[in-house]
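Residue numbers for the sequence shown follow the numbering used here, beginning at 8 and rising by one.
Data block below; observations after.
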Amino acid sequence: MIIDGGNAHFKDTRRREAALKEQGLHFVGMGVSGGEEGALNGPSIMPGGSAESYRSLGPMLENISAHVDGTPCCTHIGPDGAGHFVKMVHNGIEYADMQLIAEACDLLRNGVGFEPAQIAETFRTWNTGRLDSYLIEITAEVLAHTDAETGLPFVDVVLDQAEQKGTGRWTVQDALDLGVPVSGIAEAVFARSLSGHADLRQAARGLPGPRAAGNQSAEFADQIEQALYASKLVSYAQGWNMLDVGSREYGWDIDLGQVAVIWRGGCIIRAAFLDRIRAAYENNTSLPTLLVDDEFGLQIAAAQDSWRNVIATAVRLGIPVPGFSAALSYYDALRADRLPAALVQGLRDFFGAHTYRRTDRDGSFHTLWAQDRTEETR
C-alpha cells in the first residue's frame with residue numbers, strides 16, 4: 008500500500024491508483040489539512056482509495072486525526088482521487104475565506120478608520136459569535152502583533168504581495184472543466200495574482216479615483232460583519248456545489264454532510280459554522296445549495312441590506328472588494344427570474360449559428376438572420 012499525503016492533483020491520483028491496482032498495490036491519495044498545529048495536535052484527514060485500504064488504514068488515521076465532541080476528523084471520502092479532490096476544494100474555500108477576511112480588514116481600516124490593534128479587537132469580538140473559526144482567531148493575532156525591529160504594526164511591514172502554491176488555482180481550473188461557478192474562489196485567486204504584479208500596480212498608481220473620502224460610522228463595522236458572514240456562506244455554498252458535481256462526475260458518492268464533520272477540527276477552515284452545514288445536509292441530503300437551507304436563508308435575508316450597503320460604500324470610497332462583490336453577484340444571479348444569458352445565446356446564434364432553445368416549446372432553433380426567419384434544428 009502506498010499513501011500520498013501531499014497536495015497532489017486528484018487526476019494524477021486517479022491515474023496512479025489505476026496503474027498500481029494492475030500491479031496488486033493499493034494507492035491512497037490522502038488529503039491532510041492542519042498546518043503545524045494539526046501536525047502537533049491532530050489534523051483533518053481526507054483519504055481516498057479503495058474501501059479495502061480504508062479498512063486497514065482507517066483505525067490508525069482516525070486515531071491520529073483531530074477529534075471534535077469525540078468524533079474523529081477523518082472518514083473514507085471515496086475511491087481513487089476523491090480524497091485529493093476534497094482537499095483541493097478545501098484549499099479553494101480557504102483562499103476565498105482569507106480574501107474575504109482581508110477585505111473586511113481593509114474596510115475597517117480605510118472605511119471606518121480603525122488601526123490594526125482596533126481591528127484585532129473587532130475580530131476577537133466576532134470570534135465569539137457566528138464567525139467563530141480558526142482563521143478569524145489567527146487574524147486577530149496577526150493584526151495585534153507588533154514588529155520587533157520597527158515597533159510598527161506587523162501588517163504594515165509585510166510586503167502586500169500574496170503568494171500561492173497552486174491548489175486554489177487548481178480548484179478554479181477544475182471548476183471550469185466541471186462547469187461549476189466558483190466565482191468567489193476565482194476572485195480570491197485573481198486577487199493574489201494581481202497583488203503580485205508590482206510593476207503593473209506601480210504603473211497604475213496615478214489613475215484617478217473617487218473624490219469621496221472620510222470615515223464611516225462605527226455602525227459600519229457591524230455591517231461589515233454581516234457582509235463577511237454572507238459572503239463566507241456563499242463561498243462555502245460554491246465549494247459544496249463543486250464537491251457535489253465532482254462526486255457525481257467521477258462516481259465517488261461523497262457524503263457532503265460528512266465532509267463538514269471532518270472539517271470541524273484540525274483543518275485550516277475549521278469553524279463552528281461547519282456544524283450548521285452538517286445539520287443542513289442531515290436535514291436534506293439532496294440540498295441543491297446551502298443558500299436554500301431554511302436557517303442559512305434566514306441569515307442571508309437578515310444580512311443582505313448591510314451586505315449591499317458595504318459593497319456600495321466600498322465602491323464609492325474606491326476600496327476594492329472583489330470577494331464581497333463576487334459573492335453578492337452570485338447570490339443575485341441565483342435568485343433572478345431571468346438572466347441576460349438569453350441575449351448572449353441570441354448573439355451566439357447570430358454570429359455562429361450556435362442555435363438556441365425557446366421558453367415556449369422543446370427543441371433547438373436557429374434564426375436565419377438575413378431572411379428574418381426561424382427554423383428548428385435537430
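We put the beta carbon where it would ideally sit given N, CA and C, even for glycine.
Predicted model, so just to flag it, every value in this text is computed and none were measured.
Is the beta carbon of A334 less than 8 angstroms from the beta carbon of L114?
In this structure, L114 does not lie closer than 8 angstroms to A334 by Cβ.
Hey, out of Q230, S57 and R131, whose CA is closest to I307's CA?
It is Q230 whose Cα lies nearest to the Cα of I307.
Mind reading off the beta-carbon distance from V281 to Y338? Whole number of angstroms is fine, and I expect it under 8 angstroms.
Residue identity differs from the one stated: residue 281 is Leu in this sequence, not Val. Not really, about 20 angstroms apart at Cβ, beyond 8 angstroms.
If you follow the beta strand (DSSP E) that T132 is part of, which residue opens it and which one closes it?
Element bounds for T132: not the beta strand (DSSP E) but the alpha helix (DSSP H), P123 to W133.
Hey, could you find the ends of the beta strand (DSSP E) L95 is sitting in?
A small correction: the amino acid at residue 95 is Met; Leu does not occupy that position in the sequence shown. No beta strand (DSSP E) contains M95, which is instead part of the alpha helix (DSSP H) from A89 to L114.
Could you tell me the alpha carbon to alpha carbon distance between G77 and G88, rounded to whole angstroms?
Spanning the two alpha carbons is a distance of roughly 28 angstroms.
Per DSSP, which one or two residues make a beta bridge with A278?
DSSP, once it has assigned bridges, lists S140 as partnering A278.
Are there 16 or more other CB atoms within 10 angstroms of the CB of V351, so buried, or fewer, so exposed?
Exposed, since its Cβ has fewer than 16 Cβ neighbours within 10 Å.
Which first and last residues belong to the alpha helix (DSSP H) in which L64 is found?
Where L64 is concerned, the enclosing alpha helix (DSSP H) stretches over A58 to I71.
Of all the alpha helix (DSSP H) runs that stay within the bounds of the region 249-300, which reach a length of 4 or more residues?
Whole alpha helix (DSSP H) segments, 4+ residues: 263-269 and 280-290.
I'd like the span of the beta strand (DSSP E) that includes S51, first residue to last.
Taken as a continuous stretch (DSSP letters only), the beta strand (DSSP E) holding S51 covers S51 to P54.
Would you say V35 and L64 are within 8 angstroms of each other, going by their C-beta atoms?
In contact: V35 and L64 (Cβ atoms closer than 8 angstroms).
If contacts are defined as beta-carbon pairs under 8 angstroms, then A267 and I284 qualify, I think. What distance do you get, rounded to the angstrom?
Yes, they are in contact, since the Cβ atoms of A267 and I284 sit about 4 angstroms apart, within 8 angstroms.
Given A287, which residues of its chain have a CB within under 7 angstroms of its CB, disregarding the five upstream and five downstream residues?
Around A287: L294, L297, D300 and F303.
Going by C-alpha to C-alpha distance, which of D154, Y61, M8 and H16 sits closest to L27?
Nearest C-alpha to L27: M8.
Count the other C-beta atoms from every protein chain shown that fall within 10 angstroms of the C-beta of E156, then say buried if there are 16 or more, exposed otherwise.
Burial call: exposed.
Could you give the distance in angstroms between the alpha-carbon of E44 and the alpha-carbon of Q106?
Whole-angstrom Cα-Cα distance: 22 angstroms.
Between which two residues does the alpha helix (DSSP H) containing F17 stretch?
It spans F17 to K28 - the alpha helix (DSSP H) in which F17 sits, taken as one unbroken run.
Under 8 angstroms: do the region 139-158 and the region 349-363 share three or more Cβ pairs, one atom per stretch?
Verdict: no, contact absent.
Taking C-alpha atoms, which residue in L305, S238 and G136 lies nearest to A279?
Selected option, being the one with the closest Cα: G136.
Given a threshold of 16 other Cβ atoms within 10 Å of its Cβ, counted over all protein chains shown, does A109 qualify as buried or as exposed?
Per the 10 Å Cβ criterion, buried.
From the DSSP output, in three-state form, read off P160 for me.
Strand, per DSSP.
Below 8 angstroms between beta carbons: does that hold for H74 and H16?
Cβ atoms of H74 and H16: not closer than 8 angstroms.
Assuming L6 and G253 form a contact by the criterion Cβ under 8 angstroms, report the distance between their Cβ atoms to the nearest whole angstrom.
Lying outside 8 to 385, the shown extent of the chain, residue 6 is not represented and no answer is given.
When you compare each of L375, A377, R345 and F357 to T366 by their alpha carbons, which one comes out closest?
Here the closest residue by C-alpha is R345.
Taking Cβ positions, are D260 and G55 nearer each other than 8 angstroms?
No, Cβ-Cβ distance for D260 and G55 is not below 8 angstroms.
Can you list, in chain order, the residues of its chain with a C-beta nearer than 6 angstroms to that of G216? Leave out the 5 residues immediately preceding and following it.
Closer than 6 angstroms at the Cβ level, and outside the excluded window around G216, lie G325.
Quick one, which of R323, G158 and L183 has its alpha-carbon nearest G118's?
Minimum Cα distance to G118 is reached at R323.
So, is L47 buried or exposed, given that buried needs 16 or more other C-beta atoms within 10 angstroms?
Result: exposed.
Would you give the residue range spanned by the alpha helix (DSSP H) that T174 belongs to?
T174 to L185 is the extent of the alpha helix (DSSP H) around T174.
Examine the Cβ distances between the region 235-242 and the region 174-183 and report whether three or more of them are shorter than 8 angstroms.
Touching, no.
For N70, count neighbouring Cβ atoms within 10 angstroms of its own Cβ and tell me buried if that reaches 16, exposed if not.
Classification for N70: exposed.
Along the beta strand (DSSP E) that carries L375, what are the first and last residues, could you check?
S371 to L375 is the span of the beta strand (DSSP E), which, as asked, contains L375.
Could you round the C-beta distance between M53 and V93 to whole angstroms and report it? I think they count as a contact, below 8 angstroms.
Correct: roughly 5 angstroms between the Cβ atoms.
Classify S40 as helix, strand or coil using the three-state DSSP reduction.
If DSSP states are grouped into helix, strand and coil, S40 belongs with the strands.
Buried or exposed, going by whether 16 or more other CB atoms sit within 10 Å of the CB of D11?
Buried: at least 16 other Cβ atoms inside 10 Å.
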